[in-house]
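For what it's worth, the working numbering labels the leading residue of the sequence shown as 128, then goes sequentially.
C-beta atoms are modelled at their ideal positions from N, C-alpha and C, and glycine is treated no differently.
Just below is one structure, and these are the notes that go with it.
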Amino acid sequence: MFGSVSFSILTLLCLTSCIGSSSSIQKVPLERRIIDTEQQTSSIVSLKIEDTRDQIISHFDKSPFGKFGRLLVYSRKTGDVPNDFVLDTYSSLNKELKDYLALPVTQRQDDVYLKNLDDTYWSSEYFSKGEPVKFQCAFLIHLEPQGDGKTKIEVLEHQPIVNLGKAYMFGRHGWDYYYDIRPVEPTVSDRAELLKQILALLAGK
């Protein structure tokens, strides 16, 4: 597994080496389409928090390649989740993540982090010139005990980005072709889809 230092390096490589100047990037239009704003991104299950966490870890530790690529699992219990500095990097568009980071560390100690290290993109809520653009993110699974042996599960996104392909722009090495990669707001549909997967696995489906 990769530690917080590795996540920090990956973050900087992705969001500084690949992105051109913001003035050039803004010339390419980007549109977000949310089909259903009422999709569920959190839920309460009738399982203890330890059982919920362990089942999620066990499943994604052996998960096959799917829409989100092969998600690798990291746990706060083993110290593999990125530290708060890394989580907060490029999070200005992510209110849910900001709220999460304001929670005491003790309320986040059972959380799980899912990261795609295969550079897999998928179609999501973002479009450019009428066509879907490539999107990717990591996921934070926040777990909170609710009493009576129940647990609240909330799915958050970390560093959601879109890749609009290469464009001629001014970047770190002057004028050249760079990948037009932009931080964006977290999606609703992808968080809802991952939550459905988690609820299904916890229900034994």
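Check	Outcome
Determine, using beta carbons only, whether residue 211 comes closer than 8 Å to chain B.	The structure shown contains no chain B; it is built from a single protein chain.
Determine the burial state of residue 295: buried for a count of at least 16 other Cβ atoms within 10 Å of its Cβ, exposed for fewer.	exposed
Given residue 149, which residues of its chain have a CB within under 7 Å of its CB, disregarding the five upstream and five downstream residues?	Since pLDDT at residue 149 reaches only 47, below the 50 mark, its modelled position is unreliable, and no value is offered.
According to DSSP, is residue 158 helix, strand or coil?	strand
Comparing alpha-carbon positions, which option in 280, 201, 179 and 273 lies nearest residue 318?	280
Three or more C-beta pairs closer than 8 Å, one from the segment 231-250 and one from the segment 196-213: is that the case here?	yes
Are the segment 172-183 and the segment 217-225 touching by the rule of at least three beta carbon pairs closer than 8 Å?	no
Quick one: residues in its chain with C-beta nearer than 8 Å to the C-beta of residue 235, no 5 flanking neighbours on either side, listed in chain order?	203, 227 and 269
Please return the same chain residues whose Cβ sits closer than 6 Å to the Cβ of residue 247, not counting the five positions on each side in sequence.	196
If I follow the unbroken beta strand (DSSP E) through residue 273, where does it start and stop?	258-274
Comparing C-alpha positions only, which one of 193, 169, 253 and 223 sits nearest to residue 333?	No answer is possible for residue 333: it lies beyond the span of the chain, which begins at 128 and ends at 332.
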